[in-house]
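Asker: One structure, as C-alpha cells, below. Some questions next.
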Amino acid sequence: MAQKKFVVGCFDDEATLFPAVKQVRNAGYKIKDVYTPFPVHGLDHALGMRETSLHTAGFIYGITGTTTAISCISWIFTKDWPLNIGGKPHFALPAWIPIIFELTVLFAAVGMVLTFCYLCQLAPGVKKHHFHKRATDDLFVMVIECTDKTNADDLQALLKSNGAVETETQIAEDGWWFGTYDKEDDLYNQKQLA
Amino acid sequence: MASIKEQFEIPGTLKTWAYALIGIGGAALLYGMFTKGFSTDEHEQVHFWGTLMYNTIFWTLVCNAAMFFICFSTMAQAAWMQSFRRIAEAISTLVPVFGTITFAVLMYVVLGDKHHIYHWLDHEAVMNDPILKGKTGFLNPTFFIIWTTLTITLWSYFGYRMRKISSEADQGPMDADTAKAYNIKGMVGAGFFLVWFGLTVASTIPWLWLMSIDAHWYSTMYSWYTFASSFVAGMALIALWVIYVKNKGYLELTNQEHLHDVAKFMFAFSIFWTYLWFSQYMLIWYANIPEETVYFKHRVQGAYKPIFFLNLVINFLAPLIILMKRSAKRNFTLVAFMAVLILFGHWIDFYQMVMGSLMKEHVTLGWLDFGILGFFVGVLILMVARSLASKPLIAKNHPFLKESIIHHT
Chain V
1 MAQKKFVVGC FDDEATLFPA VKQVRNAGYK IKDVYTPFPV HGLDHALGMR
51 ETSLHTAGFI YGITGTTTAI SCISWIFTKD WPLNIGGKPH FALPAWIPII
101 FELTVLFAAV GMVLTFCYLC QLAPGVKKHH FHKRATDDLF VMVIECTDKT
151 NADDLQALLK SNGAVETETQ IAEDGWWFGT YDKEDDLYNQ KQLA
Chain S
1 MASIKEQFEI PGTLKTWAYA LIGIGGAALL YGMFTKGFST DEHEQVHFWG
51 TLMYNTIFWT LVCNAAMFFI CFSTMAQAAW MQSFRRIAEA ISTLVPVFGT
101 ITFAVLMYVV LGDKHHIYHW LDHEAVMNDP ILKGKTGFLN PTFFIIWTTL
151 TITLWSYFGY RMRKISSEAD QGPMDADTAK AYNIKGMVGA GFFLVWFGLT
201 VASTIPWLWL MSIDAHWYST MYSWYTFASS FVAGMALIAL WVIYVKNKGY
251 LELTNQEHLH DVAKFMFAFS IFWTYLWFSQ YMLIWYANIP EETVYFKHRV
301 QGAYKPIFFL NLVINFLAPL IILMKRSAKR NFTLVAFMAV LILFGHWIDF
351 YQMVMGSLMK EHVTLGWLDF GILGFFVGVL ILMVARSLAS KPLIAKNHPF
401 LKESIIHHT
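Chains V and S are the protein sequences, given in the same order. So in the working numbering, spot 65 of the first sequence is number 65, and the numbers just go up one at a time. So in the working numbering, spot 163 of the second sequence is number 163, and the numbers just go up one at a time.
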C-alpha cells in the first residue's frame, strides 16, 4: 500500500462542516472523506459522492442464488435422483419456491455483507490509519488528499478560515493492512522527524 | 408558509368525469339490476348480486385501508405522512358511503335468502350437512347481520373520530404540553380503530363476507390475503390522489421523498400479498386434499385459469420488476401508472375471489363488471374531491408537520 500526504481539518459542529465542505470543494480540492460521530443526512450529496452500487451487486447476487437453486434442485430431482414424493411430479415447482427464495436471500445477504466490508475495507485483523483519535467520537474530521500541486499550508489556512478547530498535515498509509498499529507509530516518528 | 395553497378547489374536468362515470355506471347498474338482479332466473340473479357484492366490498375495504394507514402511522408516531394525511382522510370519508351500499347488498342477499350465493343460508341443506352444521355457530344469518352492522358502524365511527382529532390541528398553534396531549389523544383514537380493524378486516369479515361463499371450504390465509389485497390497493389509491392533487398545483410540501415511501408500501405489500397467495396455494397443492383443492380446481384448471394467472402477473411480477428500483419509486408518472395497475389488479383479484366461486363454469367479466366499477369510481372521485375541498389540505399546526417537511428518504 502506498503512503500519501493528507491535510486533515477537524470541525466540532455539523453546522460549520457543511459550508466548509462547500468552500473546500469550490476551491478545487478533492475531499477524500469526512469521518463523523454519527450519520449526517445529506453529507454524501454535499461531498458529491456517487450513488452506491451495492444494491446492483445485491441484485446480481440474488439472481445468482435463484439460478443456483433452480438449476441445482431441478437437476437433482429430475435427472440425478428422481424420487416419488407424495405422487407429485418430479418437476414440482411450487414445492421448490421456498428453497429458491431462501437461497436468493442467502446469496444476496452474504454477498452484500462481504462486498460492503470489502468496499469499506473492513475485515477481522485488518487495520486502517486513523486520521484523528476523536474522529468517530465527537469531531467531524475532513480529510483531503494532496496532489503534487497542493499547497498544504494554503489548504490549512482555508480550513481554519472556514471554522476548523484543528488542522494538520499527515503522511499516512492510504489503504488497509494486516497486522498491528506498529506502522502508525513509525509514521508518528517520521512526522516528528519532519 | 404564506405561499401554501390550503384550499382545494375541485377542477371542472374532474367533476365532469365523475358525473359521466356515475351516469354511465349507474345506468349499467340499474339496467343490470332490473334485467338480471330481479329476474326469475337464479343464474342471472347470482351473476348480478355477486358482481355488485365484490365491487362494493372491494371499494369499502380499499377506502377503509386509507384510514388504517392513518391509524397505524399515528400509532407509530410516524411524521412523514403528515404533509398529505388529508388525502388519506378524504378517501376514508367514503367508508360510511360504500359501507352503507355494502350493508344494503349483503342484507338483500341474506334476508332475501339468496342461498345460491351463500349456501349456508339454505337451512334444510345445512341441517343435513355435518360440516355446515358444525359451522352454524358462526355462519348463521343472525350473527352475520349483527356483526356486519357493528363492523360498518364502528369503522365509520372510529374513522370519524380520527378525522375530528385531525381537524383540531387547524384551530391554532399548540404549545409543547398541548402538542403532547394531542399526540396521546391521536394514539388512543388510532388504538380503538386498529383493534377493531384487527378483529374485522384481518379476521372475521373476510370469512363472513367472502370466504363463506365457499361454505365448505376454508383457508387460514384467507383473511390476511384479503387484507393484503385491499391494503396494497388502498396505498395505490392514496398515491394516485396525492399525485393528482400535487399535479394540480397543491401539496407543495409533499415531494419525491414522500412519494418514495408511499411507493415502498405499494412494492412491499405487493410482495406480501404474493407471499400469502403462494402460502395459501402451496399448502393446498401439497396436501392435495379434495376438500381443500375444490377452491383451486376451476381457478387453476378451469375457466378462470387466464384470470388467475393474469392476477399473479399484474399484482406480483409487474410491481416486483417495475417498482424495485429507487428511481422508479421517485418517478411520479411511473408510480401513477403502477397505482392504476395495482388497483385494477386487485379489483380483478376480488373478481376471481367472488365470481370464481359463484360462476364456476365461465368467466363473466363484461359490461356489468365495468359498468359497476365505473359507478363506484365515479362516486369515489366526486366524494373524495368534495371532502378534500371541505377542509384545509395541510394540518398546518400539527406537531409533526415540520418533521414531514424535512423528510428525507
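From the three backbone atoms N, C-alpha and C, an ideal C-beta is built for every residue, glycine too. Note that the coordinates shown come from a computational prediction; the quantities given were computed from them, not determined experimentally.
1) Under a three-way DSSP split, which group does V:Val165 fall into?
2) Nearest chain S C-beta to V:His41 closer than 7 Å, yes or no?
3) Could you give the DSSP three-state label for S:Phe84: helix, strand or coil?
4) Would the region 381-401 of chain S count as touching the region 102-109 of chain S if we require 3 or more Cβ pairs under 8 Å?
5) For a test of the three-state rule: what should DSSP assign to V:Ala15, helix, strand or coil?
6) Quick one: grab the DSSP three-state call for S:Glu6.
7) Compute the distance between the beta-carbons of S:His398 and S:Ala90, then report whether it is under 7 Å.
8) Go to V:Val141, then tell me how far its beta strand (DSSP E) extends in each direction, as first and last residue.
9) Under 7 Å, do S:Leu253 and S:Ser83 count as touching if we go by C-beta distance?
10) Where does the unbroken alpha helix (DSSP H) through S:Val354 begin, and where does it stop?
11) In the DSSP assignment, find the beta strand (DSSP E) that holds V:Ile31 and state where it starts and stops.
12) What residues of chain S sit near V:Ala2, judged by a beta carbon separation below 9 Å?
13) Which residue's Cα is closest to the Cα of S:Leu121: S:Pro130, S:Ile165, S:Thr142 and S:Phe103?
14) Between S:His408 and chain V, is any beta-carbon pair separated by less than 7 Å?
15) What does a CB cutoff of less than 7 Å around S:Met1 pick up in its chain, not counting 5 residues either side in sequence?
16) Alpha carbon to alpha carbon, how far is S:Ala181 from S:Phe8? Give it in angstroms, no decimals.
17) What is the rounded straight-line gap between the Cα of V:Lys149 and the Cα of V:Phe38?
18) Cβ of S:Phe98 within 7 Å of Cβ of S:Trp59?
19) Considering only DSSP beta bridges, list what V:Gly9 is partnered with.
20) Scan the region 82-96 of chain V for residues whose Cβ lies nearer than 9 Å to a Cβ of chain S and list them as they occur along the chain.
21) Under the rule that 16 or more other beta-carbon atoms within 10 Å means buried, what is S:Val126, buried or exposed?
22) Does the Cβ of V:Asn151 have 16 or more other Cβ atoms within 10 Å, making it buried, or fewer, making it exposed?
23) Which bits of chain V does S:Phe308 rub up against, with CB to CB less than 7 Å?
24) DSSP on S:Met1, reduced to helix/strand/coil?
25) Who are the neighbours of S:Phe316 on chain V, taking C-beta pairs under 8 Å?
Answerer: So, from the listed chains and residues:
1) On the first sequence, residue 165 of chain V is found 165 positions in, with the first residue counted as 1. Here V:Val165 sits in coil by DSSP.
2) One-based indexing of the first sequence puts residue 41 of chain V at position 41. Closer than 7 Å to some Cβ of chain S, the Cβ of V:His41 qualifies, so yes.
3) To locate residue 84 of chain S, count along the second sequence from 1; it is residue 84. If DSSP states are grouped into helix, strand and coil, S:Phe84 belongs with the helices.
4) Taking a cut-off of 8 Å on C-beta distances, the region 381-401 of chain S does not touch the region 102-109 of chain S, as fewer than three cross pairs fall below it.
5) For this step, residue 15 of chain V is matched to residue 15 along the first sequence. It is helical.
6) Position 6 of the second sequence, counted from the first residue, corresponds to residue 6 of chain S. Note: S:Glu6 maps to coil in three-state DSSP.
7) For the purposes of this step, residue 398 of chain S is identified with residue 398 of the second sequence, where counting begins at 1. For the purposes of this step, residue 90 of chain S is identified with residue 90 of the second sequence, where counting begins at 1. Cβ distance not < 7 Å, so S:His398 and S:Ala90 don't count as in contact.
8) As a working mapping, residue 141 of chain V is identified with position 141 in the first sequence. Phe140 to Glu145 is the extent of the beta strand (DSSP E) around V:Val141.
9) Taking the second sequence and counting its residues from 1, the one referred to as residue 253 of chain S is at position 253. Taking the second sequence and counting its residues from 1, the one referred to as residue 83 of chain S is at position 83. S:Leu253 places its beta carbon less than 7 Å from that of S:Ser83.
10) For this step, residue 354 of chain S is matched to residue 354 along the second sequence. Here the alpha helix (DSSP H) through S:Val354 covers Phe332 to Leu358.
11) Sequence index remark: in the first sequence, residue 31 of chain V carries index 31 (1-based). Residue range Ile31 to Tyr35 is occupied by the beta strand (DSSP E) that includes V:Ile31.
12) Residue 2 of chain V sits at position 2 when you count from the first residue of the first sequence. Going along chain S, no residue has its Cβ under 9 Å from V:Ala2, so there is no contact; the nearest lies around 35 Å.
13) The residue given as residue 121 of chain S occupies position 121 in the second sequence. Looking at the Cα atoms, S:Thr142 is the closest of the given residues.
14) Position 408 of the second sequence, counted from the first residue, corresponds to residue 408 of chain S. By this cut-off, S:His408 is an interface position.
15) Counting from 1 along the second sequence, the entry for residue 1 of chain S is found at position 1. With a pLDDT of 48 at S:Met1, under the threshold of 50, the predicted position of this residue should be treated as unreliable, and no value is reported.
16) As a first step, residue 8 of chain S is located in the second sequence; it is residue number 8 there, counting from the start. As a first step, residue 181 of chain S is located in the second sequence; it is residue number 181 there, counting from the start. Cα to Cα, the separation comes out at about 29 Å.
17) One-based indexing of the first sequence puts residue 149 of chain V at position 149. One-based indexing of the first sequence puts residue 38 of chain V at position 38. Those two C-alpha atoms are separated by around 33 Å.
18) The residue you call residue 98 of chain S lines up with position 98 of the second sequence. The residue you call residue 59 of chain S lines up with position 59 of the second sequence. With respect to the 7 Å criterion, S:Phe98 and S:Trp59 are classified as neighbours on the basis of their beta carbons.
19) On the first sequence, residue 9 of chain V is found 9 positions in, with the first residue counted as 1. The beta-bridge partner set that DSSP reports for V:Gly9 consists of V:Met142 and V:Thr167.
20) Going along the region 82-96 of chain V in chain order, one finds Gly86, Gly87, Lys88, Ala92, Pro94 and Ala95 with a Cβ nearer than 9 Å to chain S.
21) For the purposes of this step, residue 126 of chain S is identified with residue 126 of the second sequence, where counting begins at 1. Burial check for S:Val126: the Cβ neighbour count within 10 Å reaches 16 or more, so the residue is buried.
22) Locating residue 151 of chain V in the first sequence gives position 151, counting from the first residue. Exposed, since its Cβ has fewer than 16 Cβ neighbours within 10 Å.
23) If you number the second sequence from 1, residue 308 of chain S lands on position 308. Neighbourhood of S:Phe308 in chain V, by CB distance below 7 Å: empty, with the nearest CB roughly 14 Å away.
24) In the second sequence, residue 1 of chain S corresponds to position 1, counting from 1. Because the pLDDT at S:Met1 is just 48, under 50, the model does not fix this residue reliably, and the value given afterwards should be weighed accordingly. S:Met1: coil per DSSP, three-state reduction.
25) The count along the second sequence starts at 1 and reaches residue 316 of chain S at position 316. By Cβ distance, chain V contributes nothing, its closest Cβ being about 12 Å from S:Phe316, past 8 Å.
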